[in-house]
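**Student:** Sending over a structure as structure tokens; questions will come in a sec.
There are 2 protein chains.
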Amino acid sequence: MSAAAAVVELSESLEDYLEAIYHLEHENRVARAAEIALRLGVSRPSVTGALKALRLRGFIHYDPYTHITLTAQGKRIAADVVRRHTILKDFLVKVLSVPPAEAEHAACRMEHVLGTEVMARFLDFARFVEACPRAGAEWIRGFGFTCHDKGAYPECQRCLEAAKGTGPIGLSDGKGPGK
Amino acid sequence: MSAAAAVVELSESLEDYLEAIYHLEHENRVARAAEIALRLGVSRPSVTGALKALRLRGFIHYDPYTHITLTAQGKRIAADVVRRHTILKDFLVKVLSVPPAEAEHAACRMEHVLGTEVMARFLDFARFVEACPRAGAEWIRGFGFTCHDKGAYPECQRCLEAAKGTGPIGLSDGKGPGK
DNA sequence: TCCCTGAGTTAGGGAATCCTAACATAATGC
DNA sequence: GCATTATGTTAGGATTCCCTAACTCAGGGA
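As you go down the protein sequences, you meet chains A and B in turn.
For the first sequence, the working numbering gives the first residue as 882, with consecutive numbering after it.
For the second sequence, the working numbering gives the first residue as 882, with consecutive numbering after it.
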């Protein structure tokens, strides 16, 4: 959209590499291939390949046997991926009460597939819920606690009972084939 | 985990094919390759390849030049994908007020990456919001309307103003690099 | 200084997914 | 029944992403 729009489409995989480099650069000032491999659970040759692809696109400074740092453009993209990740994880944890470890995992996947508009809604909603004095965090907590502590918000039980029945949302009753 | 657990891991791509076949079977009783290709925006040879992969895994009845139908197992998996899609789209539209077309697109991507637990939270939350007399649909609509009609719920404006500021959620102020 | 170790790379492959071009089959219309 | 058209398949290739095995390079210790 804007002039700052990404010229090159990044694959999910390359976004993951960029994100890892971003984190490692923050932790250690530079990223090293072995650490990237460890973090992403891939082999070192896979990292080398990805680094070449990222350099080709102008996202990292890199030459064989040198340390790796993000270019300005790379930093911008990586920061955006990290931002999306954080927004999604926060939403999952704070609004939907998904356990942090699972939220982390789900955010890792979701971060690559949602557009700017949808991301903005996730962010706004989470903020709204935390800020709204009419319902807000307390209200949400009523929902959240049901996942861990059925008795914490007794006044919410009635709503939850209703919600568990076949509501207007969802095709089935929620006991699909599972997986 | 259970005996009903998927024995074979399906790729996102194959899940999409299965989903398309499911819909076409419902619309036309049988699915045909050209329609699948049209629906998924791929070439007909790509469909042939996918059909072989799905047959190999026991998800469809299929022989060259014949019509395509889902096996019992295929139907189960496909129905689950469709269910996830519906839950996510409903959530995006009803809770986050994402425009239907965009919600459709986002749901298409999300449906492949979220586990059972997270899906359950999305479903429960949407039902809860619609069922809760304390806040529920009205409350959510206050949020939703802000996306389309700033003045509809004036009593929500204060919360929304607060939410727009730098809240506890999100790394940046929301004006990231965009994409 | 020289060698050893570990980090990084190249070489060579495999799986998944898509494509185009060309061929085979089925269905339709006269 | 036969030609035309639409549908479906095969052949051949490109891309992405990952792997293992083997080689190269750089830095630390004797």
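Ideal placement from N, C-alpha and C gives every residue a C-beta, glycine not left out.
Note that the structure is a prediction, hence the values are computed from the model and not measured.
If we ignore side chains and look at the alpha-carbon of each, how far apart do A931 of chain B and G939 of chain B end up?
**Tutor:** Their Cα atoms are separated by approximately 12 Å.
**Student:** Does DSSP put L977 of chain B in a helix, in a strand, or in coil?
**Tutor:** Reduced to three states, the DSSP call for L977 of chain B is coil.
**Student:** Decide yes or no for the touch test of the stretch 956-971 of chain A against the stretch 912-925 of chain A: beta carbon pairs closer than 8 Å, at least 3 of them.
**Tutor:** Counting Cβ pairs under 8 Å, fewer than three are found: no touch.
**Student:** In three-state terms, what does DSSP make of H966 of chain B?
**Tutor:** The answer is helix: DSSP assigns H966 of chain B an H, G or I state.
**Student:** Tell me whether K933 of chain B is buried or exposed, calling it buried when 16 or more other Cβ atoms sit within 10 Å of its Cβ.
**Tutor:** Flag for K933 of chain B reads exposed.
**Student:** P981 of chain B to M991 of chain B, Cα distance in whole Å?
**Tutor:** Whole-angstrom Cα-Cα distance: 15 Å.
**Student:** What is the C-beta distance between V999 of chain B and A987 of chain B, in whole angstroms, given that I count them as a contact (C-beta under 8 Å)?
**Tutor:** With a Cβ gap of about 15 Å, V999 of chain B and A987 of chain B do not count as contacting.
**Student:** So with CB distances below 8 Å, who are the chain A contacts of F1003 of chain B?
**Tutor:** Here the neighbours are L977.
**Student:** Counting only Cβ pairs nearer than 8 Å, list the residues of chain B close to A987 of chain A.
**Tutor:** Neighbours of A987 of chain A on chain B, chain order: V994, L995, G996, V999.
**Student:** Exposed or buried, which one is G955 of chain A when buried takes at least 16 other CB atoms within 10 Å?
**Tutor:** Under this definition G955 of chain A is a buried residue.
**Student:** Please identify the residue among B:E896, B:V1010, B:L973, B:R964 whose C-alpha is closest to the C-alpha of R1002 of chain A.
**Tutor:** If we check each option's Cα against that of R1002 of chain A, B:L973 comes out closest.
**Student:** Which value, in whole angstroms, describes the spacing of the CA atoms of L895 of chain B and E906 of chain A?
**Tutor:** Going by the C-alpha atoms only, they are around 37 Å apart.
**Student:** Under 9 Å between beta-carbons, which chain B residues line up against L973 of chain A? List them in chain order, please.
**Tutor:** Under the 9 Å cutoff, chain B gives V999, R1002.
**Student:** Applying the 10 Å Cβ sphere with the 16-neighbour rule, what's the burial state of P1008 of chain A?
**Tutor:** It should be pointed out that residue 1008 of chain A corresponds to Arg in this sequence rather than to Pro. Under this definition R1008 of chain A is a buried residue.
**Student:** For T952 of chain A versus I941 of chain A, is the C-beta distance shorter than 8 Å?
**Tutor:** Their beta carbons are under 8 Å apart, which means T952 of chain A touches I941 of chain A by this criterion.
**Student:** So is L937 of chain B buried or exposed if we call it buried at 16+ other beta carbons inside 10 Å?
**Tutor:** It is exposed - the Cβ of L937 of chain B has fewer than 16 other Cβ atoms within 10 Å.
**Student:** At a Cβ cut of 8 Å, what residues of the stretch 919-943 of chain A count as close to chain B, listed as they run along the chain?
**Tutor:** Listed by position, the residues of the stretch 919-943 of chain A near chain B (Cβ gap below 8 Å) amount to none.
**Student:** Have a look at L1004 of chain B and K970 of chain B and give me their C-alpha separation to the nearest angstrom.
**Tutor:** Taking the straight line from one Cα to the other gives about 10 Å.
**Student:** Between Y903 of chain B and V963 of chain B, how many whole angstroms is the CB-CB distance? I'm expecting something under 8 Å.
**Tutor:** About 6 Å separates the two Cβ atoms, so the contact holds.
**Student:** Does E983 of chain A get closer than 8 Å to chain B when you measure Cβ to Cβ?
**Tutor:** Interface residue, yes.
**Student:** How about R990 of chain A: is its C-beta nearer than 8 Å to some C-beta of chain B?
**Tutor:** By this cut-off, R990 of chain A is an interface position.
**Student:** According to DSSP, simplified to helix, strand and coil, what is T950 of chain A?
**Tutor:** Strand.
**Student:** Could you round the C-beta distance between E985 of chain A and G996 of chain B to whole angstroms and report it? I think they count as a contact, below 8 Å.
**Tutor:** Not confirmed; about 12 Å, so no contact.
**Student:** Between the Cα of F1006 of chain B and the Cα atoms of B:L977, B:H993, B:C989, B:V994, which residue gives the shortest distance?
**Tutor:** Ranking the options by Cα distance to F1006 of chain B, first place goes to B:L977.
**Student:** Going by DSSP in three states, H1029 of chain B sits in which element: helix, strand or coil?
**Tutor:** Reliability fails at H1029 of chain B, whose pLDDT of 39 lies under 50, so the model's placement of it is uncertain and the value that follows must be treated cautiously. Here H1029 of chain B sits in coil by DSSP.
**Student:** According to DSSP, A912 of chain B sits in a beta bridge with which residue or residues?
**Tutor:** Answer is B:I949.
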